[in-house]
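Below: one structure, written as structure tokens.
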Ligand SMILES: NC(=O)c1ccc[n+]([C@@H]2O[C@H](COP(=O)([O-])OP(=O)(O)OC[C@H]3O[C@@H](n4cnc5c(N)ncnc54)[C@H](OP(=O)(O)O)[C@@H]3O)[C@@H](O)[C@H]2O)c1
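In the working numbering, the protein residues as written are 30 to 246.
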């Protein structure tokens with residue numbers, strides 16, 4: 030599949046690399062066409078990777094991964110262009126963490142709203158699926174790193190058929206079907222995004238991001 034990865038940070042690079050490993054081709058993108066990190070990604074993966082602007086990649090991709098800074102995701106997706114996103118699945122991994130006032134960050138959208146819902150409202154013809162945002166990116170693409178892969182990933186969307194498509198990708202990453210917890214419609218992304226302040230506190234206490242939620246009981 031041709032996949033657009035929006036975001037040249039650690040998450041975009043980790044997700045993009047894993048997708049290429051699984052046989053997909055990936056366009057890594059940013060605000061500019063000659064981003065150094067996107068160029069390095071292409072150099073690393075050669076023929077299965079391309080680089081471009083957010084708009085180039087959104088036009089190229091059959092499915093879009095949003096791995097941009099959450100406070101800037103709407104700006105990035107606007108640059109990607111509504112016509113390039115219409116009808117496509119947007120896998121939204123971003124968290125609306127606002128670090129502008131230092132640590133700990135606040136959530137720029139919260140309680141009665143979520144970034145996932147804001148993206149869906151801004152691009153009503155796209156199909157937003159919120160997932161993977163509750164863990165460190167190394168675990169997103171390799172759940173077997175801890176507890177024999179026996180821990181949970183959440184999925185939220187108003188589009189059941191899009192959710193099924195994304196579940197297949199999660200399974201290809203190594204997620205066991207029974208550990209992909211379907212939380213229902215996109216408003217459930219409020220809960221997964223609001224987990225982030227606790228995630229950051231656990232990270233601070235453990236001094237490691239290699240942990241996740243496992244539902245028991
Ligand atoms: N790190 C993790 O393990 C982890 C885990 C779960 C969720 N997340 C979420 O994943 C997302 C990506 O995290 P990250 O650390 O890899 O990257 P990041 O540093 O949060 O974001 C990098 C991307 O955001 C874009 N961006 C920044 N400001 C922008 C603006 N004003 N307009 C348009 N685009 C802008 C950058 O574009 P340029 O390339 O043009 O600079 C870059 O591609 C975040 O939302 C984060 O909360 C991270």
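Virtual Cβ for every residue (Gly too), placed ideally from N, Cα, C.
- Message: Please identify the residue among 197, 128, 34 whose C-alpha is closest to the C-alpha of residue 109.
- Response: 34
- Query: Do residue 95 and residue 69 have their CB atoms nearer than 7 Å?
  - Reply: no
- Message: What does the alpha-carbon distance come out to for the pair residue 240 and residue 41?
- Response: 20 Å
- Message: Below 6 Å, is the gap between the Cβ of residue 33 and the nearest heavy atom of ligand 1?
- Response: no
- Query: Run through DSSP, which three-state label would residue 177 get?
  - Reply: helix
- Message: Just to confirm before moving on: does the CB-CB distance between residue 43 and residue 64 stay below 7 Å?
- Response: no
- Message: So, with DSSP's three-state summary, where would you put residue 120?
- Response: strand
- Item | Neighbourhood of residue 32 by C-beta distance below 6 Å, restricted to the same chain and skipping five residues each side | 48, 53, 55, 90, 92
- Query: Which value, in whole angstroms, describes the spacing of the CA atoms of residue 67 and residue 59?
  - Reply: 8 Å
- residue 57 by DSSP, collapsed to three states: which one? strand
- Task: Consider the C-beta atom of residue 37 and the heavy atoms of ligand 1; say whether any pair is separated by less than 6 Å.
- Result: yes
- Message: Let's see if you can read the secondary structure: which residues bound the beta strand (DSSP E) around residue 205?
- Response: Premise fails: residue 205 is in no beta strand (DSSP E) and is neither H nor E.
- Message: Three Cβ pairs or more, each shorter than 8 Å: is that satisfied between the segment 191-203 and the segment 166-174?
- Response: yes
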